[in-house]
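Counting from 17, one number per residue, gives the positions in the sequence shown under my numbering.
Glycine included, every Cβ here is placed at the ideal spot set by N, Cα and C.
Remember, it's a predicted structure, so these values are computed and weren't measured experimentally.
One structure is given below, encoded as structure tokens.
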Amino acid sequence: MGRYVDEILQPGERVLYSTNEHWMFFLPAIAAWIVAVAFLVLWRLVTADALMLICLALAAVAGLAALYWTATAWFHRWTTETDVTNMRVVHKTGFIKRRTFEMSLDKVESVDVNQSIFGRVMNYGDLTIQGVGEGTQTISTIASPLAFRNAITTRPVGT
17 MGRYVDEILQ PGERVLYSTN EHWMFFLPAI AAWIVAVAFL VLWRLVTADA LMLICLALAA
77 VAGLAALYWT ATAWFHRWTT ETDVTNMRVV HKTGFIKRRT FEMSLDKVES VDVNQSIFGR
137 VMNYGDLTIQ GVGEGTQTIS TIASPLAFRN AITTRPVGT
């Protein structure tokens, strides 16, 4: 399965910038993996059989949750594409149920970046694209939102 943007490129159109959902989608999974490992360490430290079983059961539950959250975060990132071509902005989410958003660069009126303090530190944020006659679209939690905004707003010399 190829990238969506590669399938829809028009003659003479080329991809200028691509980004993806930020890796922070994995934070719940990372926290659950840490909890699972902590319960496994605790399981090795306790001597009472009942406490050992409880620690092992909690480690298993945390491990299953971590596995689920890891898989869903990976699948979400894998099925989401956000690109700027020399003609338009393209955003696609979903695998079977697909949702796409495309806006011609000529129709882009403004591009706003919204980052929390944590988002600034981790370099992710939300992008709101206002189009002339096209409405407003928000792309949430993308990596490097300022670079993506610059790719949209920068016009090559001579155009």
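- Please report how far the alpha carbon of TYR20 lies from the alpha carbon of PRO27, in whole angstroms. 16 Å
- Nearest-angstrom Cα distance between TRP41 and VAL137? Sequence check: residue 41 is Phe here, not Trp. Their backbone Cα atoms lie some 15 Å apart in a straight line.
- Using beta-carbon positions only, say whether THR144 and ASP128 come within less than 7 Å of one another. Yes, Cβ-Cβ distance for THR144 and ASP128 is below 7 Å.
- Task: Report back the beta-carbon spacing between ALA48 and ALA82 to the nearest angstrom; my notes put them in contact at under 8 Å.
- Result: 3 Å
- Task: Would you list the one or two residues that DSSP bridges to VAL16?
- Result: The chain is shown from 17 up to 175; residue 16 falls before or after that span and cannot be answered.
- Item | Status (buried if at least 16 other CB within 10 Å, exposed otherwise) for TYR140 | buried
- Report back the beta-carbon spacing between THR88 and THR109 to the nearest angstrom; my notes put them in contact at under 8 Å. With a Cβ gap of about 13 Å, THR88 and THR109 do not count as contacting.
- Item | Selected residue, minimal CA-CA separation from ASN36, among THR98, VAL106, GLU118 | THR98
- On the DSSP bridge assignment, give the partners of ALA159 in chain order. TYR140
- Reducing DSSP to helix, strand and coil, say where GLY147 ends up. strand
- Item | Between the CA atoms of ASN166 and THR175 - distance to the nearest angstrom | Reliability fails at THR175, whose pLDDT of 49 lies under 50, so the model's placement of it is uncertain and no value is given.
- Please work out which residues of its chain come closer than 7 Å, Cβ to Cβ, to ALA75, disregarding the five sequence neighbours upstream and downstream, and give them in chain order. ALA52, PHE55, LEU56, TRP59
- Message: Going by DSSP, what residue range makes up the beta strand (DSSP E) through LEU32?
- Response: 31-35
- Message: For SER126 and GLN146, which I take to be in contact (beta-carbon distance under 8 Å), what is that distance rounded to the nearest angstrom?
- Response: 5 Å
- Query: DSSP three-state call for VAL127: helix, strand or coil?
  - Reply: strand
- Item | Beta-bridge partners of THR154, as assigned by DSSP | THR144
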